[in-house]
Amino acid sequence: MRGQVISTAVALCFAASLTAAATAPPSAARAASVAAAQAARPATGPVLVDCFWHARVRPADFMLACGDGNSRLASLRWTTWGRNAAKAQGVNWVNDCKPYCAAGRFHAYPVVVRLDHAQPWKKHPRLRHYTRMTLVYDTDRPRSFPRTVVYPLWD
């Protein structure tokens, strides 16, 4: 009996989703196809190269400490992504490593992220990538960190 109820519920949900898809206005379908085409299009402006050597544009998150993962940018909201610079606001999650990193706790610090110094990427010379990241901590910041931290980015 219980199995039949679950099967019926799944079938009804599936039918409802088919109906919704079939009755969606053409503009919604067109918008979805435009978004898919934009996502599939290769980047033409500068990119941010991540820890796995992937080119990323306006990433929502970014690992700063590739080796151990003890510093990560999250909830990035990009206000600018241009030929020469990019700017976002987000959160820097940093492990306090107390008493040691594996036992440490992560703390969130609001941060402004700036990218600049776009240069040709050695892996893909026709593609430019940002080579410098500047973090500016709004209020609170990790212990022993200055208010502004500048990182050279990998090539």
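Each residue of the sequence shown is one higher than the one before, counting from -5 in our numbering.
The C-beta atom is built at its ideal place from N, Cα and C for all residues, glycine as well.
Cβ separation of residue i and residue j, assumed to be a contact under 8 Å, to the nearest whole Å
| i | j | result |
| --- | --- | --- |
| V107 | L70 | 7 Å |
| R52 | L58 | Wrong, their Cβ atoms sit about 17 Å apart, outside the cutoff. |
| W75 | G39 | 7 Å |
Buried/exposed call for residue i, threshold 16 Cβ in 10 Å
| i | result |
| --- | --- |
| R125 | It should be pointed out that residue 125 corresponds to Thr in this sequence rather than to Arg. The residue in question, T125, is buried, as its Cβ has 16 or more Cβ neighbours within 10 Å. |
| F46 | exposed |
| K92 | exposed |
| F100 | exposed |
| F139 | exposed |
Given residue i as reference, the closest of the options once Cα atoms are compared
| i | options | result |
| --- | --- | --- |
| V88 | R52, P53, R50, Y131 | Y131 |
| P146 | M127, D55, W72 | M127 |
| W148 | R137, W72, Q113 | Q113 |
| R77 | V85, H123, H101, R99 | H123 |
| A68 | C60, F56, D62, G61 | F56 |
Contact check, residue i vs residue j, beta carbons under 7 Å
| i | j | result |
| --- | --- | --- |
| V85 | A102 | yes |
| D110 | A79 | yes |
| V41 | A54 | no |
| V143 | L121 | no |
C-alpha distance - residue i paired with residue j, whole-angstrom precision
| i | j | result |
| --- | --- | --- |
| V105 | R135 | 9 Å |
| N64 | R137 | 14 Å |
| W72 | Y94 | 33 Å |
| K117 | D62 | 24 Å |
| W150 | R141 | Outside the shown range of the chain, which is -5 to 149, sits residue 150, and nothing can be said about it. |
| C152 | T133 | Past the edges of the chain, shown from -5 to 149, lies residue 152, and the structure says nothing about it. |
| D90 | P119 | 38 Å |
Check: residue i C-beta below 6 Å from any heavy atom of the ligand MN
| i | result |
| --- | --- |
| L147 | This structure simply doesn't include the ligand MN, nor any ligand for that matter. |
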